[in-house]
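Chains as they are written, first to last, in this note's numbering: chain D, 1 to 361; chain X, 362 to 722.
Number of protein chains: 2
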Amino acid sequence: MRRLQIATIRELARLSGVSVATVSRVLNDYADVSPTTRARVLEVARELDYTPSAAARTLVMQRSQVIGVVLQTGEGHPDLQHPFFQEVLVGLKHRLGAGGYDLLLFATENPGNGFSEHSFARRARHHRVDGLVVMGVDPADPEVQKLLRSSIPLVAVDAEVVGRRSGYVISDNQGGARLAVRHLRECGHERIAIVTGMLSTRPGADRLLGYRAELEALGVPYRDDYVQEGDFYFDSGYRGMRALLALPEPPTAVFAAGDLMAAGAVRAVEEHGLSVPDDVALVGFDDIQLAAMMQPSLTTIRQDKTGLGATAGEALLRMLEQVDAAPPTTSLPVELVVRESSRVRSSRRARKQRDLEVTGA
Amino acid sequence: MRRLQIATIRELARLSGVSVATVSRVLNDYADVSPTTRARVLEVARELDYTPSAAARTLVMQRSQVIGVVLQTGEGHPDLQHPFFQEVLVGLKHRLGAGGYDLLLFATENPGNGFSEHSFARRARHHRVDGLVVMGVDPADPEVQKLLRSSIPLVAVDAEVVGRRSGYVISDNQGGARLAVRHLRECGHERIAIVTGMLSTRPGADRLLGYRAELEALGVPYRDDYVQEGDFYFDSGYRGMRALLALPEPPTAVFAAGDLMAAGAVRAVEEHGLSVPDDVALVGFDDIQLAAMMQPSLTTIRQDKTGLGATAGEALLRMLEQVDAAPPTTSLPVELVVRESSRVRSSRRARKQRDLEVTGA
DNA sequence: TTGTAAGCGTTATCAG
DNA sequence: CTGATAACGCTTACAA
Chain D
1 MRRLQIATIR
11 ELARLSGVSV
21 ATVSRVLNDY
31 ADVSPTTRAR
41 VLEVARELDY
51 TPSAAARTLV
61 MQRSQVIGVV
71 LQTGEGHPDL
81 QHPFFQEVLV
91 GLKHRLGAGG
101 YDLLLFATEN
111 PGNGFSEHSF
121 ARRARHHRVD
131 GLVVMGVDPA
141 DPEVQKLLRS
151 SIPLVAVDAE
161 VVGRRSGYVI
171 SDNQGGARLA
181 VRHLRECGHE
191 RIAIVTGMLS
201 TRPGADRLLG
211 YRAELEALGV
221 PYRDDYVQEG
231 DFYFDSGYRG
241 MRALLALPEP
251 PTAVFAAGDL
261 MAAGAVRAVE
271 EHGLSVPDDV
281 ALVGFDDIQL
291 AAMMQPSLTT
301 IRQDKTGLGA
311 TAGEALLRML
321 EQVDAAPPTT
331 SLPVELVVRE
341 SSRVRSSRRA
351 RKQRDLEVTG
361 A
Chain X
362 MRRLQIATIR
372 ELARLSGVSV
382 ATVSRVLNDY
392 ADVSPTTRAR
402 VLEVARELDY
412 TPSAAARTLV
422 MQRSQVIGVV
432 LQTGEGHPDL
442 QHPFFQEVLV
452 GLKHRLGAGG
462 YDLLLFATEN
472 PGNGFSEHSF
482 ARRARHHRVD
492 GLVVMGVDPA
502 DPEVQKLLRS
512 SIPLVAVDAE
522 VVGRRSGYVI
532 SDNQGGARLA
542 VRHLRECGHE
552 RIAIVTGMLS
562 TRPGADRLLG
572 YRAELEALGV
582 PYRDDYVQEG
592 DFYFDSGYRG
602 MRALLALPEP
612 PTAVFAAGDL
622 MAAGAVRAVE
632 EHGLSVPDDV
642 ALVGFDDIQL
652 AAMMQPSLTT
662 IRQDKTGLGA
672 TAGEALLRML
682 EQVDAAPPTT
692 SLPVELVVRE
702 SSRVRSSRRA
712 RKQRDLEVTG
722 A
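Structure follows, in structure tokens:
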């Protein structure tokens, strides 16, 4: 029963008593095949558990049905590590998978061929990927620029790149930051600080922009010492918060431009002998799984992470189908999710039954 | 400067004034090429930014330099969602990437060809992947069985599968569970309960086994009502803990067989008006990022997640190089990481400066 | 409705 | 040392 060699179209043809051309027609659903022939070929194909060779098909069709995914969280933080991207990947995988595409994860190490240094553009050509999704990249990165110049359709998530064949999908970071600040203000705070993300990234810069814009709109004076630059990761949130607490007039509320940093901030506050939200109210950004599971649970700006992935996939699919489709420049709305870290703390008992949407299980 | 068509070996040959055969030799580092010729070809290749076509090479070499990664966390929980697998993926990516392999993520949707229902075995053949890594699968799954029978080298992470060409890499789950229980006992607890993972999975079953074994070794009587079956996710931990707290004689310590469940348990304890670790001590399993960032931070059994990935990659590489290499059956050690959830609570101030290894940043 | 044959971009076998 | 040339498995004119 088990076959050593993978069945080829030739074998299928032989066993069905027709030519390979006919088999190909059947497999690709061409109209001009007699019903009998079609049935017979299909039957044999089933028996053989036949699958066409992707390599052969790619070679002749000049397309691979594969999308390359470039992940780069930069700064020496291991790729893939940030929970945000993981969730985006889920959305991407589902949408693109449904469209008949597979995902090739671009590793940062050497390419398959010993021939040259790794280069995303080169590897994209090597595998003849039909499209590219890049996440967490710096648009100024020469590697990325190279990708943009190549004629491969590309969609960036969370980075504003533009090119003839490349667009982006991003969350409304400014709007989200404004929501966060307004919420904090509505909770009665006036001394509202921020721990930013990497300012070299679009989300990092935009969230700071939104913070400033909303302060101004609310008539709350902006102060330089209330801005701590972080990098989206836990430790920078911890450090930023410590610095803020050391101020002569520490803030009573902090907007951390990422949930991981917010978690770090909570740690700093508690170590300082203070409590969240009693002494310091906190709002994060992203709504990663952690946010709902923390104690206290974290008020945050929810990004539709799988939505970003799905939207990126969708856009890519469109660009693949129609060569002249305009690259996307989509901004997805975000929403404020109020949890414990920004509320006046009620009695322990009263907290019961809240935030149980947690894992979606 | 920009070229529309991807450069082929033929073009390279033409421009270098040699035959394609010679170019191929140069590119593949054959010895029998004159230094001058080699230099010239390499020079032109650089100018053209030439990359060989993976498809063509796969076709003729009958190998793709691609490893398929099958992710399946089952139970309707979205794939990829569990942080554990994400970290394994990092290790895998690095090791395999260094070995010159790329990773193809097997999406759960339709295959590239409209031809048939998705089947991992079929897709593996379709892409002619050289090897397979499967994670979070049920070894009894017919799909998985099919993969095992195929002659493609396969390494499973966290599932004990065996086959002529397939092995596994797993953590010492029993040992880890024993460590957890012993630690709890050493903290002075006698009423030690467990919230298990899915018992249909190897880790789920083994951790329960370890729990029982250690109780017995310690002379602590086992009681059925102290065993709550969970599924590794937050909500089941929450529910399990509630059930335990509702017992006439609730436990004073709980071993949650996964960190996510431990987080759920913390939530339940606090909602009950009790505190961790004062009223209930808690130990988790995995040491996902969340564990160190929670409040209180979570004592847990650390799995070497990237190590699992790297080891799996390593083993696969070995199997690919030598056809007769024995499939791995590796068990990786785990370690107890003591944090706040299992300690007698000291004053707030005293907690300062602990657990700051958090993100590795 | 079906078959023949020419590629797709490589590698590998033979001759030279 | 180098060059023709035959595969590899498939799609697609072009013929029949």
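From the three backbone atoms N, C-alpha and C, an ideal C-beta is built for every residue, glycine too.
At a cut-off of 8 Å between beta carbons, L104 of chain D contacts chain X. A residue is called buried once 16 or more other Cβ atoms fall within 10 Å of its Cβ, and L247 of chain D, having fewer, is exposed. Take P444 of chain X, set aside five residues on each side of it, and the residues of its chain with a beta-carbon closer than 6 Å to its own are I649, in chain order.
At the C-beta level, S597 of chain X and D499 of chain X stay beyond 8 Å of one another.
When Cβ-Cβ separations below 8 Å define contact, T412 of chain X makes contact with chain D. Distance check between A623 of chain X and each of X:G461, X:V644, X:N534 places X:V644 closest, using alpha-carbon atoms only.
Counting along the chain, the unbroken beta strand (DSSP E) around G528 of chain X starts and ends at 527–532. Counting of Cβ neighbours within 10 angstroms places R371 of chain X among the exposed residues, the total staying below 16. Listed by position along chain D, the residues whose Cβ is nearer than 8 Å to that of H550 of chain X form an empty set, because the closest Cβ is around 21 Å away.
S297 of chain D is classed as buried because its beta carbon has at least 16 other beta carbons within 10 Å across all chains shown.
Between D172 of chain D and P333 of chain D, the alpha-carbon positions lie close to 5 Å from each other.
Taking a C-beta distance under 8 Å as the contact criterion, F106 of chain D and R207 of chain D do not qualify as a contact pair. With contacts defined by Cβ atoms closer than 8 Å, D49 of chain D and R418 of chain X do not form a contacting pair. Residue range 329–332 is occupied by the beta strand (DSSP E) that includes T329 of chain D.
Interface criterion not met: the Cβ of E340 of chain D is under 8 Å from no Cβ in chain X.
For Q664 of chain X, no chain D residue has a C-beta closer than 7 Å to its own C-beta; the minimum C-beta separation is roughly 16 Å. At a cut-off of 8 Å between beta carbons, Q322 of chain D makes no contact with chain X.
Interface annotation for the region 268–283 of chain D against chain X: E270, E271, G273, criterion Cβ-Cβ distance under 8 Å.
Between the region 83–92 of chain D and the region 519–535 of chain X, the count of C-beta pairs closer than 8 Å stays below three; the two stretches do not touch. Within the region 288–299 of chain D, contact with chain X at the beta-carbon level (separation under 7 Å) is assigned to L290, M293, M294, Q295.
The beta carbon of Y599 of chain X sits closer than 6 Å to those of G625, R628, A629, all from its chain and outside the five residues before and after it, given in chain order. L316 of chain D and H488 of chain X have their C-alpha atoms roughly 22 Å apart.
Flagged as an interface residue toward chain D: P444 of chain X, by a C-beta distance shorter than 8 Å.
D592, Y594, F595, D596, S597, Y599: these are the residues of the region 592–610 of chain X whose beta carbon lies less than 9 Å from some beta carbon of chain D, given in chain order. Residue pairing by DSSP places L466 of chain X opposite D:L103, X:V430 in a beta bridge.
Residue pairing for A554 of chain X: DSSP places it in a beta bridge opposite X:V615.
Look at V41 of chain D: its C-beta is not under 8 Å from any C-beta on chain X. Assignment of F120 of chain D by DSSP, reduced to helix, strand and coil, places it in the helix class. At the C-beta level, V129 of chain D and L104 of chain D come within 8 Å of one another.
Between the alpha carbons of M135 of chain D and A124 of chain D lies a distance of about 15 Å. Look at E696 of chain X here: in three-state DSSP terms it is strand.
Assigned with DSSP and collapsed to three states, T660 of chain X falls in strand.
In the DSSP assignment, G645 of chain X falls within the unbroken beta strand (DSSP E) covering 642–647. Here R407 of chain X is exposed. Its C-beta has fewer than 16 other C-beta atoms within 10 Å. Per DSSP, the continuous beta strand (DSSP E) segment holding M135 of chain D begins and ends at 131–135. In the DSSP annotation of this structure, Q62 of chain D is not part of any beta strand (DSSP E), being labelled neither H nor E.
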